[in-house]
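Enquirer: The structure's right below; bear with me while I get my questions together.
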Amino acid sequence: MNWNRRMHILVPATALALFPLATALPLASQVPSTAMPTVESTRSPAGDTTALAKEAEGWLADLIRIDTSNPPGNEQAAAKYVAGILTKEGINSEFLDLAPGRSALVARLRSAAMPDPSRALLLVAHMDVVGVDKSKWTVDPFAATIKDGYMYGRGSIDDKGMLAANLAAFIALKRSNARVNRDIIFLATADEEQGGEASIRILIAKYWDKFAAGFALNEGGRVILKNGKVEYVAVQASEKVPVDVAVIARGPSGHASVPTKDNAVVHLAAAVEKIGGYTAPVRFTTIVRRYFEQLAPLEDDELAKWIRSLDTPDRGEHAQHVISDTNPLWNSMLRDTIAPTMLSAGVRANVIPSEARAMLNVRLLPGDTIDVLLADLTKLVNDPTIRFEVQPDAGLAAPPSSLESDFYATITKAASQEFSGAPALPFLSAGATDSAQLRLHNVQAYGVSPFPMTDEDSRRMHADDERMPLASFDKGVDFLARIVTEFAATR
Ligand SMILES: [Zn+2]
């Protein structure tokens, strides 16, 4: 397919009827500013998805226009919209109510009268998005503006792009009338960004039998686009565990005109500085070891040399420095990390406060424990006026998904066919996803964010002017439809 040729954007009539005030999309978008490769992909079992992808662009635009900023979420509005699309395809769906205005949505394509959950494939995406600072955006974050080959909007990447692409893959299978050899379940979740009252944890507790599955596709991976070419497909099979920790300094309060050495603000500042300079030891999880093994041949000779030395007795330590400094994400994959994120102290400029607090966002490698890390930090800070307090609602460590499953093999094969032989690498994501909860329920969940994106594009997730390159979106729809059809359709 030709990546530079842009087609008309089709907006379903119902979408316009639902959102009469929304500005209509331009008839033709422009060539994306990012260079897109010309790729001859192997014929997909899902057939030609060009028209479907255009349709899905319309769904994505409509979903962006439904503001699901969390809090409060209001995911029910998005769930209703998706239910409407499914109804038109003759697919029943069911709302799974979680809280007022907050529902998940589930739908199923059946393989047999009696479902076998252990074989079922779950397509998951979340409907909520993080909030915006409108003043920092160059366009309305909820208008789905198309400019320079991008669709702008909060959630265009995280995670409404995946939601629209999952919907497309699901509908493609329905329209194909193919016999399926396992149930395919479409699930739109709520409250992923906050993990609170309407999160997947609650959803599983209340409604597990509605979507129990042996395999899942979710966000969390990446298709790495570099120099106009897909370098590799990162398939998330594991993720780090988020834990928030408060650092609390206490001291006597008093008049600021007579300073003393036990000022809580000063003690806290010194502690935060030490913590900021701390580097946790490297530990290789199975997934990370495999990732670097497969990455080495893709990188230039110099970098490959250091990657191959990572776990050697003589050069390991230096190699770990080089690799960690080259890419902050690699650093995060190799060790526990700590990012101080919030500071609070004081009520008046002339009052020394009795307490000062900092918040640390800790990301543990699965298997590491917060107690061990805090013991290290306590020694490092070495200050009796400071204590650490682990906050509630920490993430849970889940076992990694298998790299030997049939589904992982299908994803690997589809990646290679879709992206001219690009390899799939198992990936541990620094960020948390709903997959940890699924893995704790014996689901082989894989993160495949299917859209080829440069680092620059990916970094706009959660940031100002988040935007989806439309050529990448179309390619992602094709990739997802290929994976799902390959895994579930009987030929
Ligand atoms: Zn997300």
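Numbering of the sequence shown is given in the working numbering, commencing with residue 1 and proceeding in unit increments.
All C-beta atoms in this analysis are idealised placements derived from N, C-alpha and C, irrespective of residue type, glycine included.
Nothing here was measured: the structure is a model prediction, and the numbers come from that model.
Quick check on the burial criterion: 16 or more other C-beta atoms within 10 angstroms. Buried or exposed for H126?
Expert: Counting Cβ neighbours within 10 Å, H126 comes out buried, since at least 16 surround it.
Enquirer: Go ahead and pull the three-state DSSP assignment for H267.
Expert: Helix.
Enquirer: Helix, strand or coil: how does DSSP classify S33 here?
Expert: With a pLDDT of 43 at S33, under the threshold of 50, the predicted position of this residue should be treated as unreliable, though the coordinate-derived value follows. In the structure shown, S33 sits in coil (DSSP, three-state: anything other than H, G, I, E or B).
Enquirer: With C-beta atoms as the reference, is D244 less than 8 Å away from Q437?
Expert: Taking 8 Å as the Cβ cut-off, D244 and Q437 do not qualify as a contacting pair.
Enquirer: Tell me which same chain residues have a C-beta within less than 6 Å of the C-beta of E74, skipping the five on either side of it?
Expert: In the sequence on display, residue 74 carries Asn and not Glu. Hits under 6 Å: T68, G101.
Enquirer: What does the alpha-carbon distance come out to for the pair A495 and K54?
Expert: Given that the chain is displayed from residue 1 to residue 491, the structure contains no residue 495 and the question cannot be resolved.
Enquirer: Where do the N-terminal and C-terminal ends of the beta strand (DSSP E) with F95 fall, by residue?
Expert: It spans 93-99 - the beta strand (DSSP E) in which F95 sits, taken as one unbroken run.
Enquirer: If you follow the beta strand (DSSP E) that L187 is part of, which residue opens it and which one closes it?
Expert: Its beta strand (DSSP E) spans residues 184-189.
Enquirer: Near M162, which residues of its chain fall below 7 Å by C-beta distance, leaving aside the five closest residues on each side in sequence?
Expert: Within the same chain, M162 has close Cβ partners A125, E219, S449.
Enquirer: Would you kindly report the start and end of the unbroken beta strand (DSSP E) that includes H126?
Expert: Start and end: 121-126.
Enquirer: Going by beta carbon distance, what residues of the same chain come within less than 7 Å of F479, once the five residues before and after it are set aside?
Expert: Around F479: A414, E418, P450.
Enquirer: Give a yes or no on contact between the segment 461-472 and the segment 245-252, applying the rule of three or more CB pairs nearer than 8 Å.
Expert: As far as the Cβ criterion goes, the segment 461-472 does not touch the segment 245-252, which means the pair count is below three.
Enquirer: Which parts of the segment 387-421 are runs of the alpha helix (DSSP H), unbroken and 4 residues or longer, counting only runs that do not cross its ends?
Expert: Whole alpha helix (DSSP H) segments, 4+ residues: 406-418.
Enquirer: Alpha carbon to alpha carbon, what distance is there between V139 and T145?
Expert: Distance between the alpha carbons of T145 and V139: 7 Å.
Enquirer: Which class does L173 belong to by DSSP, given the choice of helix, strand or coil?
Expert: Three-state DSSP puts L173 in a helix.
Enquirer: Below 7 Å CB to CB, which residues in the same chain sit around Y271 once its five sequence neighbours on both sides are set aside?
Expert: Contrary to the premise, residue 271 reads as Ala rather than Tyr in this sequence. For A271, where only same-chain residues beyond five positions count, the Cβ hits under 7 Å are V247, A249, V381, D383, I386.
Enquirer: Under three-state DSSP, which class holds S69?
Expert: S69: strand per DSSP, three-state reduction.
Enquirer: CB of E192 to nearest heavy atom of ligand 1: below 7 Å?
Expert: Yes, the Cβ of E192 comes within 7 Å of a heavy atom of ligand 1.
Enquirer: Do you know offhand how far M333's Cα is from P400's?
Expert: When rounded, the distance between both Cα atoms is 14 Å.
Enquirer: Whole angstroms is fine: what's the gap from N92's alpha carbon to A213's?
Expert: Going from the Cα of N92 to the Cα of A213 covers about 19 Å.
Enquirer: So which of R154, Y291, I275 has the shortest CA-CA distance to Y232?
Expert: Nearest option by C-alpha distance: Y291.
Enquirer: For Q30, which residues in the same chain have their Cβ closer than 6 Å to its Cβ, ignoring the five residues on either side in sequence?
Expert: Bear in mind that a pLDDT of 41 at Q30, under 50, signals an unreliable position, so the number given afterwards is only what the model happens to contain. Counting only Cβ-Cβ distances below 6 Å, and skipping sequence neighbours, we find D148, G149.
Enquirer: Run through DSSP, which three-state label would V233 get?
Expert: In the structure shown, V233 sits in a strand (DSSP, three-state: E or B).
Enquirer: Going by C-alpha to C-alpha distance, which of L121, V282, V258 sits closest to V180?
Expert: The shortest Cα separation from V180 among L121, V282, V258 belongs to L121.
Enquirer: Using the C-alpha atoms, what's the distance from E239 back to L365?
Expert: Their Cα atoms are separated by approximately 8 Å.
Enquirer: Count the other CB atoms within 10 Å of the CB of H318; is the residue buried (16 or more) or exposed (fewer)?
Expert: Flag for H318 reads exposed.
Enquirer: How many Å lie between V223 and N70 at the Cα?
Expert: So the two alpha carbons sit approximately 27 Å from each other.
Enquirer: Distance check for I171 and A481, CA to CA, integer angstroms please.
Expert: Answer to the nearest angstrom: the Cα atoms are 9 Å apart.
Enquirer: Which residues share a DSSP beta bridge with H255?
Expert: For H255, which the question treats as bridged, DSSP gives the partners V351.
Enquirer: Below 7 Å CB to CB, which residues in the same chain sit around G251 once its five sequence neighbours on both sides are set aside?
Expert: Correct list, in chain order: D262, N263, A264, H267, S354, T385.
Enquirer: DSSP on S449, reduced to helix/strand/coil?
Expert: Residue state, collapsed to three classes: coil.
Enquirer: Would you be able to state if there are at least three C-beta pairs under 8 Å between the segment 347-361 and the segment 297-312?
Expert: These segments do not touch.
Enquirer: Roughly how many angstroms lie between the CA atoms of I275 and A430, to the nearest whole one?
Expert: About 19 Å.
Enquirer: With H, G and I counted as helix, E and B as strand and the rest as coil, what does DSSP make of A424?
Expert: It is a strand residue.
Enquirer: Return the chain-ordered list of same chain residues with a C-beta closer than 7 Å to the C-beta of P117, the five sequence neighbours on each side being excluded.
Expert: Here the set comprises A212, A213, G214.
Enquirer: Would the C-beta of E219 count as close to ligand 1, meaning under 7 Å from any of its heavy atoms?
Expert: Because some heavy atom of ligand 1 lies under 7 Å away, the Cβ of E219 counts as near it: yes.
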